[in-house]
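Q: Quick one: the structure is below, and I'll ask about it shortly.
Residue numbers (our numbering): 39 to 217.
Set out below in structure tokens:
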């Protein structure tokens with residue numbers, strides 16, 4: 039079964055993309071609301087809100103990575119495992135990016151246009167499927183794969199910040215819930 043799982047370095051690259059995307063979304067939302075929270079919450083309560091949000095990101099990112107690894111183990115190696123860093127990153131960018139895009143459009147236009155807003159994320163998912171399905175046929179897709187690999191390799195550096203932050207905030211949340 040371990041032969042069906044990719045090497046640790048590509049897994050780390052894909053996890054870096056997942057963690058950076060989710061953390062950037064959370065930090066952006068947190069900073070957007072911070073000015074209002076400063077009026078009604080004290081510093082400890084604001085730290086608690088941030089801690090719970092980041093621990094949720096940790097759990098979400100591990101769940102997304104686990105689901106991707108399960109899909110990788112179930113599919114033939116040529117589909118996902120052999121080029122896990124590029125294909126996994128494209129899958130993550132497509133799925134998480136389309137969810138972020140839908141939520142952004144939903145916040146802007148509201149519930150009245152909810153079904154119509156699905157067109158843009160659906161187009162993003164179709165683009166993801168195109169990039170995965172025609173990886174060797176078009177030159178621009180091969181260039182895109184190279185760019186995706188380069189970006190995912192560079193995002194690993196952010197794990198040096200995110201993993202200790204996750205551990206510290208997880209310890210804070212556990213301490214807060216026990217004490």
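C-beta: ideal position from N, C-alpha, C; glycine also.
If you're wondering where the values come from, they're calculated on a predicted model, not measured in any experiment.
(1) From residue 103 to residue 184, what distance separates their C-alpha atoms?
(2) Within 8 Å, do at least three Cβ pairs link the region 182-197 to the region 136-143?
(3) Going by Cα to Cα distance, which pick from 201, 125 and 216 is closest to residue 190?
(4) Specify, as a first and last residue, the run of the alpha helix (DSSP H) that residue 200 falls within.
(5) Given that a residue counts as buried once 16 or more other Cβ atoms are within 10 Å of its Cβ, and exposed if not, what is residue 127?
(6) Please report the distance separating the alpha-carbon of residue 218 from that of residue 148.
(7) Along the alpha helix (DSSP H) that carries residue 126, what are the first and last residues, could you check?
(8) Mind checking whether residue 57 and residue 99 have CB atoms under 8 Å apart?
(9) Can you have a look at residue 76 and say buried or exposed, based on whether 16 or more other CB atoms are within 10 angstroms of its CB?
(10) Tell me which same chain residues have a C-beta within less than 6 Å of the C-beta of residue 119, skipping the five on either side of it?
(11) At what residue ranges does the region 53-108 contain a whole run of the beta strand (DSSP E), taking only runs of 3 or more?
(12) According to DSSP, is residue 51 helix, strand or coil?
(13) Between the region 65-83 and the region 206-213, are three or more C-beta pairs nearer than 8 Å?
A: Let me spell this out:
(1) Going from the Cα of residue 103 to the Cα of residue 184 covers about 21 Å.
(2) In short, these stretches do not touch, since the Cβ pair count stays below three.
(3) Per the Cα distances, 125.
(4) Segment 197-216, the alpha helix (DSSP H) holding residue 200.
(5) Its Cβ being crowded by 16 or more others within 10 Å, residue 127 is buried.
(6) The question about residue 218 has no answer, for the chain in this structure spans 39 to 217.
(7) Where residue 126 is concerned, the enclosing alpha helix (DSSP H) starts and stops at 122-147.
(8) Contact flag set, yes.
(9) Residue burial is scored here from C-beta neighbours: residue 76 has fewer than 16 other C-beta atoms within 10 angstroms and is therefore classed as exposed.
(10) Around residue 119: 44 and 110.
(11) If we require 3 residues or more, the region 53-108 turns out to have no beta strand (DSSP E) run fully inside it.
(12) Note: residue 51 maps to helix in three-state DSSP.
(13) Too few Cβ pairs lie closer than 8 Å, so no.
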